[in-house]
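Data first, discussion second: the structure below is written as structure tokens.
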Amino acid sequence: MSVLEKNIIAPTTSIIEDTRPDMLVCKDIAKIYPTPKGDYTVLSDLQLTVKKGEFISVIGHSGCGKSTLLTMIAGLNDISKGSVYVDGDEVRGAGPDRAVVFQSPSLFPWMTALQNVMIGVKQVFPHATKKQKQDICKYYLDKVGLGNDFNKRASELSQGMQQRVGIARAFALKPKVLLLDEPFGMLDSLTRGELQDVLLEVWQKEQITAIMITHDVDESIFLADRVIMMTSGPFAKIGDELTIPFERPRNRVDILEHPDYYHYRGYLMDFLNH
Ligand SMILES: Nc1ncnc2c1ncn2[C@@H]1O[C@H](COP(=O)(O)OP(=O)(O)OP(=O)(O)O)[C@@H](O)[C@H]1O
Numbered sequence: 001m002s003v004l005e006k007n008i009i010a011p012t013t014s015i016i017e018d019t020r021p022d023m024l025v026c027k028d029i030a031k032i033y034p035t036p037k038g039d040y041t042v043l044s045d046l047q048l049t050v051k052k053g054e055f056i057s058v059i060g061h062s063g064c065g066k067s068t069l070l071t072m073i074a075g076l077n078d079i080s081k082g083s084v085y086v087d088g089d090e091v092r093g094a095g096p097d098r099a100v101v102f103q104s105p106s107l108f109p110w111m112t113a114l115q116n117v118m119i120g121v122k123q124v125f126p127h128a129t130k131k132q133k134q135d136i137c138k139y140y141l142d143k144v145g146l147g148n149d150f151n152k153r154a155s156e157l158s159q160g161m162q163q164r165v166g167i168a169r170a171f172a173l174k175p176k177v178l179l180l181d182e183p184f185g186m187l188d189s190l191t192r193g194e195l196q197d198v199l200l201e202v203w204q205k206e207q208i209t210a211i212m213i214t215h216d217v218d219e220s221i222f223l224a225d226r227v228i229m230m231t232s233g234p235f236a237k238i239g240d241e242l243t244i245p246f247e248r249p250r251n252r253v254d255i256l257e258h259p260d261y262y263h264y265r266g267y268l269m270d271f272l273n274h
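Have a look at this one:
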């Protein structure tokens, strides 16, 4: 039984019309994987619109198709039906307007933190001078707390530090849309909290549209303007959504102590439990 069928009322939030332009539009998209047993329709008739500068998190049961959705938006996975638009342009493959941060940052271990960030920067800003490119890399590495580690090899960095490089690398590309697929899933809770703060700080400064998949309901509330809840597959779609109206910049302690916090949390948990 769905949350709506159970008549659990969505937490009320003041409805203020969001006048920002649409940055990402997924229109009637479907994903059908061919399998030895026949076609498997993971997603079907999925509609999603994300405003410029909005941060949304996506939750749903394991296997419902969250990564499939994200990789389709990234242009790394063919769209079986429908279309994805970024800033009005139809997605027809990967492009520099979208940067992805995966659970594992996949750095080149023999390269330094700076060299790893530089690879993408060189591609996206081919006409910038060497100094300009270095400044971009250093700026974002500094922002994620690696100001003293530019020249450390990736193999010498902890998992948390490597993911900091992954975040710096994504922001340094100056994408229109940042796609995050459980970026903190492999980190201990302390490092996870630290990186959530780092992500929010840089995101707030850059005002990039961000979409983040997470299995962590608390993380989804802390980070997002809106939490998207996906139904279970096959034929998964957006089942519900919840606006998170907490002021920004956000402080973890204030949010946990907010009288509405457990109402939001309960609503999301209820969706996942049914
Ligand atoms: N290349 C593929 N071919 C066939 N089936 C696939 C392929 N990739 C994914 N699937 C199936 O599609 C469904 C959705 O997978 P996906 O990884 O998108 O789910 P998810 O919600 O991100 O899962 P999780 O939360 O566990 O990471 C799963 O049933 C998976 O087995």
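Just so we're aligned, residue 1 is where the sequence shown starts under the UniProt record's numbering, counting upward by one.
A virtual CB, placed ideally from N, CA and C, is assigned to each residue, including glycine.
Residue i: beta carbon under 7 Å from a heavy atom of ligand 1?
i: residue 33; result: yes
i: residue 233; result: yes
i: residue 214; result: no
i: residue 42; result: yes
i: residue 147; result: no
i: residue 64; result: yes
i: residue 60; result: yes
i: residue 155; result: no
For residue i, does the count of other Cβ atoms within 10 angstroms reach 16, so buried, or fall short, so exposed?
i: residue 171; result: buried
i: residue 275; result: Limits of the chain in this structure are 1 at one end and 274 at the other, which puts residue 275 out of reach.
Given residue i, which residues of its chain have a CB within under 8 Å of its CB, disregarding the five upstream and five downstream residues?
i: residue 265; result: 217, 218, 221
i: residue 74; result: 94, 98, 100, 179
i: residue 4; result: Its pLDDT being 39, under 50, residue 4 is placed unreliably by the model, and the measurement read from it follows with that caveat. The residues are 240.
Apart from the five residues just before and just after residue i, which ones in its own chain have a Cβ nearer than 6 Å to its Cβ?
i: residue 77; result: 71
i: residue 90; result: 83
i: residue 207; result: 53
i: residue 85; result: 25
i: residue 186; result: 103
Looking at residue i: is its Cβ nearer than 8 Å to the Cβ of residue j?
i: residue 241; j: residue 255; result: no
i: residue 144; j: residue 202; result: yes
i: residue 133; j: residue 118; result: yes
Relative to the C-alpha of residue i, which candidate in the options has its C-alpha closest?
i: residue 184; options: 163, 178, 200, 173; result: 163
i: residue 66; options: 249, 119, 215, 143; result: 215
i: residue 20; options: 54, 150, 147, 194; result: 54
i: residue 150; options: 87, 259, 114; result: 114
i: residue 268; options: 121, 243, 34; result: 243
Considering only heavy atoms of ligand 2, does any lie closer than 7 Å to the CB of residue i?
i: residue 38; result: The ligand content of the structure shown is limited to ligand 1, which means ligand 2 is not among them.
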